[in-house]
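Encoded as structure tokens, the structure appears first; notes follow it.
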Amino acid sequence: MKEEKKKTKQPRWTDLNLSNEKLIKMYREMLLIRRFEERAAQEYGKGKIGGFCHLYIGQEATGVGAIAALREDDFIYTAYRDHGLALARGMEANGCMAELFGKATGVSKGIGGSMHFYDLSKGFMGGWGIVGGHPPLAAGSAFATKYQGKDSVTICFMGEASTNQGVFHETLNMAQLWKLPVIFICENNGYGMGTAISRAMAGEHLFEKAAGYEMARGAVNGMDVIEMYREMSVAIERARKENLPTFLEARTYRYRGHSMSDPGQYRTKEEIEEYKKRDPIETFGRELLDEGILKESDIESMDDQIKIEVQKAVEFADASPQPSLDVLHENIYA
Amino acid sequence: MAVLQIREAINQAIDEEMERDSGVFIMGEEVAQYNGAYKVTQGLWKKYGDKRVIDTPITEAGFAGIGIGAAMTGIGIRPIVEMMTWNFAILAFDQIMNHAAKARYMSSGQFKVPIVFRGPNGPAHMLGAQHSQALESMVAHVPGLIVMTPSTPYDAKGMLKAAIRDDNPVIFMESELMYGVKGEVPEGEYIIPIGKGDIKREGTDVTIIAWTKMVAVALKAAEELQKEGISAEVIDPRTLRPLDEDLILESVRKTNRCVIVEDSWPFASVGTEIAHRIHTKAFDDLDAPVEKINSADIPMPYAENLEHAALPTPEKVIAAVKKVLYR
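Protein chains in written order, with our numbering: chain A, 1270 to 1603; chain B, 822 to 1148.
So this is what it looks like as structure tokens:
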């Protein structure tokens, strides 16, 4: 039995109306993403997964915290580092792993691949491979819901390197000009592929790029799932109630290379180790333990369960058929 | 029957479709308060207001993408995106080729992208190289896109209505020099289906294939040829992708000779593809290799005499016809 301690301080999420169930769900989602991606790396090494494979390891809190603040009728856009976000939106590990394996049972039936996960029924709009190409689509989604008088919002994940693209700026301009209910979440992991942000971007304060458009903006610790949830809740409220966009810089870090083929020689081991000390899953796990919301044994059994879930996903993907050759020419036109 | 300019016919199509479906809206540079750079959207802003007739900043890639994203949500939105000219739409080609054209395929059919990108295409008059180029081959190359290009007011209206109602991204290419061209347009509703070509003049000795502005060049050539006793059939495919191959092959099987006229560059053009299909699918019916008349393989010069020298003319078409007739 757990010893009752008289607590002097409320948990820092007290004001957020997060149930214990929801907190545990957020923790579990982060852990699922971590285990899924670790396994994806292994399967890539075995040649089961082809092409590019961009892992989300290290960035879990950004996606989970943001998506946890959404409603089911909201829309999500992202770039190609999309596996983790799909899982956070409740897309099943089976379908996600099968997509990586290029199988007919994948979330895009094996046609999309690692970079192109979609589930329209969950408002998961992908999964786009051209850096800076998808932000206007997300603004368009927000345009559409506003046009039709719905109070859905759209969130748009993007890497920090995409903010150097012209289309990014075009999109911010129109999002603010037309008051679109869209939230841009810039996942600043410090590197555009192998190029450190300091070598690619003039100026130091990324989120201030939105200042030129007088858009609500700020930076948030993307390694902290609660802070992500908190800032996103504010931004979502602003979008839903006032039809106003927000630009949020989530400061985060990817432990792995840009993609599986990246040996990562542009950064030091020390830098990576430094970030691992702030690991979003471990940090949040400790908090949940401290608050008595989870016990060590809960975490262990959760991890075991997740490993089984991921193992089953691999088996499912492996056993699934490749797409039939009949679909080669399907779905080009509606 | 009412006689309308092409710009009025297009305006009617947009107006009627906006009337019919509240999910249809038009956005683009100067489409609202200015009534359109070429007055195609005259009066629409006054009628429908800011919500549905939307002036954009000069930001082609951005508003093309916003249109695509709006179309993809699946909540009944059908954007019409006006490109002031297709020259400027080159900035939006990533949005069109990489996003609009591929969304359905990459998602295994989860998305529909009901959107029309329309505006003038092709060489105009003394506008210089960056404002005078025919880009249909670049878009027709892309699976997932539909490419339509009308040559008469009647076609423009019926084709655009089909484009707006279609669930795919449609590239609708008009011509700056043709907005004032007049023709009969019937009262009431009609639709010209995507992929349906038209015989603009019947003939028996040679098939001339042309679209948009080049239809007039082909017809002029046919008229001159008639004086010499040569009967030319003029075929306008109207839709370039998907191509009305049956109509083309049927005509060539009848005339056994073919000349293609286009004001795009010659290398890897739509005409090249049409010629290839005729050569492979109607080889035994041909009495001569298919000839092609294009704009010169150069950026368009400004000087009037040089521009004229670069463009297809009835004279060039007549010479090509005589070549395939061995005359």
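Ideal placement from N, C-alpha and C gives every residue a C-beta, glycine not left out.
Worksheet item: Along chain C, which residues have their Cβ under 9 Å away from the Cβ of His1323 (chain A)?
Response: In the structure shown, chain C cannot be found, because the protein chains are A and B.
Item to complete: Within 10 angstroms of the Cβ of Asp1351 (chain A), are there 16 or more other Cβ atoms? Answer buried if so, exposed if not.
Response: buried
Worksheet item: Exposed or buried, which one is Gln1445 (chain A) when buried takes at least 16 other CB atoms within 10 Å?
Response: buried
Worksheet item: Tell me the DSSP bridge mates of Gly1004 (chain B)?
Response: B:Leu825
Item to complete: Quick one: give me the first and last residue of the alpha helix (DSSP H) that Arg1074 (chain B) is part of.
Response: 1066-1076
Discussion item. Looking at chain A, is there any beta carbon in it that lies within less than 7 Å of the beta carbon of Ser929 (chain B)?
Written reply: yes
Worksheet item: What are the start and end residues of each continuous beta strand (DSSP E) run of 3 or more residues lying completely inside the region 908-948 of chain B, in chain order?
Response: 936-941
Practice prompt. Take Gly1024 (chain B) and list the residues in its own chain whose beta-carbon comes closer than 6 Å to its own, dropping the five residues that flank it on each side.
Written response: Ser1052, Ala1053, Glu1054
Worksheet item: Can you list, in chain order, the residues of the region 874-907 of chain B whose Cβ is nearer than 9 Å to any Cβ on chain A?
Response: Ile875, Thr877, Pro878, Thr880, Glu881, Ala882, Gly883, Phe884, Ala885, Gly886, Ile887, Gly888, Ile889, Gly890, Ala891, Ala892, Met893, Thr894, Gly895, Ile896, Gly897, Ile898, Pro900
Worksheet entry | DSSP bridge partner residues for Phe1344 (chain A) (one or two, in chain order) | A:Thr1423
Discussion item. Any beta carbon of chain B sitting closer than 7 Å to that of Thr1521 (chain A)?
Written reply: no
Fill in: alpha helix (DSSP H) segment containing Lys1510 (chain A), residue limits
1494-1511
Worksheet item: With DSSP run on the structure shown, which of helix, strand or coil describes Glu1010 (chain B)?
Response: coil
Worksheet item: Does the pairing of the region 918-935 of chain B with the region 1447-1454 of chain A give three or more beta-carbon distances under 8 Å?
Response: no
Discussion item. Taking a contact to mean a Cβ-Cβ separation below 7 Å, would you say Ile1575 (chain A) touches Asn1289 (chain A) in this structure?
Written reply: no
Item to complete: For Asp1548 (chain A), name the three-state secondary structure that DSSP assigns.
Response: coil
Discussion item. If you measure between the beta carbons of Leu912 (chain B) and Glu881 (chain B), is that distance less than 7 Å?
Written reply: yes
Discussion item. Quick check on Arg1098 (chain B) - is its C-beta less than 7 Å from some C-beta in chain A?
Written reply: no
Worksheet item: With a cut-off of 8 Å, do at least 3 Cβ pairs link the region 1466-1486 of chain A to the region 1424-1433 of chain A?
Response: yes
Worksheet item: Which first and last residues belong to the beta strand (DSSP E) in which Ala1485 (chain A) is found?
Response: 1485-1490
Worksheet item: Roughly how many whole angstroms lie between the Cα atoms of Glu1500 (chain A) and Ala1465 (chain A)?
Response: 26 Å
Item to complete: With a threshold of 16 other CB atoms inside 10 Å of the CB of Lys1546 (chain A), please say whether the residue is buried or exposed.
Response: exposed
Worksheet item: Under three-state DSSP, which class holds Phe1393 (chain A)?
Response: strand
Discussion item. Assuming the contact rule is C-beta atoms closer than 8 Å, Ala1131 (chain B) and Met1121 (chain B) should be a hit. Round their C-beta distance to whole Å, please.
Written reply: 6 Å
Worksheet item: What three-state label does DSSP hand Met1035 (chain B) in the structure shown?
Response: helix
Discussion item. Report the CB separation of Tyr1524 (chain A) from Ile1326 (chain A) in whole angstroms; it is logged as a contact under 8 Å.
Written reply: 5 Å
Discussion item. Measuring only the C-alpha atoms, how far is Met959 (chain B) from Glu1010 (chain B)?
Written reply: 32 Å
Worksheet item: Taking all protein chains shown into account, do 16 or more other C-beta atoms lie within 10 angstroms of the C-beta of Ser1377 (chain A), making it buried, or fewer, making it exposed?
Response: buried
Worksheet item: So, does the CB of Val1436 (chain A) fall closer than 7 Å to a CB anywhere in chain B?
Response: yes
Discussion item. With distance defined between alpha-carbon atoms, name the residue in B:Thr1093, B:Ala1109, B:Ser972, B:Arg1022 nearest to Thr1060 (chain B).
Written reply: B:Ser972
Worksheet entry | Closest by C-alpha distance to Ile1013 (chain B), when choosing among B:Thr1134, B:Ala984, B:Ala1037 | B:Ala984
Worksheet item: Does the beta carbon of Met1270 (chain A) come closer than 7 Å to any beta carbon on chain B?
Response: Note that Met1270 (chain A) scores 48 on pLDDT, short of 50, meaning its location in the model is unreliable; the coordinates nonetheless yield the value given after this. It does not: the Cβ of Met1270 (chain A) has no partner Cβ on chain B nearer than 7 Å.
Discussion item. Checking the sheet assignment: what are the DSSP bridge partners for Val968 (chain B)?
Written reply: B:Ile992, B:Arg1062
Worksheet item: Measuring CB to CB, does Ala1337 (chain A) end up less than 7 Å from Asp1493 (chain A)?
Response: no
Worksheet entry | Where Met1360 (chain A) meets chain B, residues with beta-carbon distance less than 7 Å | Per Cβ cutoff of 7 Å: no residues; Met1360 (chain A) is ~12 Å from chain B at best.
Practice prompt. Could you check the C-alpha separation between Ala1140 (chain B) and Val1091 (chain B) for me, to the nearest Å?
Written response: 21 Å
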